[in-house]
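Using numbering that gives the first Met the number 0, you'd call the opening residue of the sequence shown number 0 and step up by one each time.
Cβ atoms here follow ideal geometry from the backbone N, Cα and C, with glycine treated the same way.
Input: a single structure, listed below in structure tokens.
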Amino acid sequence: MPAFAAFDGTELAYHVVGEGEPLLCLPGGPMRASAYLGDLGGLAKHRQLILLDLRGTGDSGVPRDPAGYRCDRQVADVEALRAHLGLERVDVLTHSAGGDLALLHAARYPRRIRTLTLVTARARALGVDFTEEHRREAAALRAAEPWFGAARTAYEKIWAGTATDDDWDAAMPFFYGRWDAAAQAHAATEVEQSNDEAAEVYASAGAFDPAVARAALAAWDARVLVLAGELDSGPLPRIAARIAELLPRAKLTVQPGAGHYPWLDDPERFSRTVVEFLQGEGDAGTSD
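Printed below as a string of structure tokens:
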């Protein structure tokens, strides 16, 4: 298992899947081990995926100071991995809460990024985030699903702050476009793969300064793919569009029928979309 030393001496691990030109992959969660990304719907057939286990997750070490879990402080880890790989410029793909980390890294090191793929990604780093109302709006789209009643009741408890672990489990179908065996197996790994202590610190006070990040990226010339799921609430497609508007060369794509993990919902479509973007096919802009 390959590893490298972070700025504070923490040993960080990464996993290499597939062959071809490297694609640096940053997981979400926040602070979930990169194993949940798998081969990203077969994307590893086209690119060599470099899957970073963020500090305190997966096979990576635990920092001496928990403050090192804060998102902005992990930017140095991403840059250390790029340097360790010997890549002058790198293609980056990130998912969910990892969007904040990737955007902060791009803001600090814009010339090191060739392309950025934001998969159902948060952008608190730019001052854009989802809300409870967004969750409710997306949940309403699933009213015809057989699991909807129990899941909606659990969602209400989560919003009220009274949820149990069973309620969190019951609400899981909302995050997947299809609540099939593959989705259920994927969801079952979340708890064991996540570092809850680190997650509490990740977006804590001081992690984000949206005005600074926006200014740093206002004239950024790297191509960006913002990939949203039609059924996802974090972000809703229209919120993903707002993220794209803040990045000069961003393209928005909404994957039909997809939830928060689009590579599981339609692997072939997901992989094709990302590969075409990485190959430079199509102009920056908005598409459905």
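Between the alpha carbons of K44 and E18 lies a gap of roughly 7 Å. In this structure, T9 places its C-beta atom within 7 Å of the C-beta atom of P62. In the DSSP annotation of this structure, T163 is not part of any beta strand (DSSP E), being labelled neither H nor E.
Assignment of alpha helix (DSSP H) within the region 237-284, counting only whole runs of 4 or more residues, yields 261-264 and 266-277 in chain order. Judged by pairs of C-beta atoms under 8 Å, the region 100-120 touches the region 214-224, as three or more such pairs exist.
Residue pairing from DSSP places H14 in a beta bridge opposite L50. Among the bridge pairs identified by DSSP, H94 is matched with V118.
For I238, the CB contacts under 7 Å within the same chain, skipping 5 residues up- and downstream, are V127, F129 and H133 in chain order.
Per DSSP, the beta-bridge partners of V127 are A122.
As a beta-bridge residue in DSSP terms, S193 pairs with R31. The three-state reading of DSSP puts F6 in coil, since its state is none of H, G, I, E or B. Here V211 carries a helix assignment [DSSP, helix/strand/coil].
Our two residues, T56 and L50, have alpha carbons roughly 12 Å apart in a direct line. Between the alpha carbons of Y108 and A142 lies a distance of about 44 Å. The beta carbon of G258 sits closer than 7 Å to the beta carbons of F174, Y175, G176, G228, L230, D231 and D264 from its chain, once the five residues preceding and following it are set aside; these are given in chain order. Using a Cβ distance threshold of 7 Å, H94 and V74 do not count as a contacting pair. Note: C70 is not bridge-paired with any residue in the DSSP secondary-structure output.
Between the C-alpha atoms of R271 and Q278 there is a straight-line separation of about 10 Å.
In the DSSP assignment, A227 falls within the unbroken beta strand (DSSP E) covering R222 to G228. In this structure, the beta-carbon distance from A12 to A2 falls below 7 Å.
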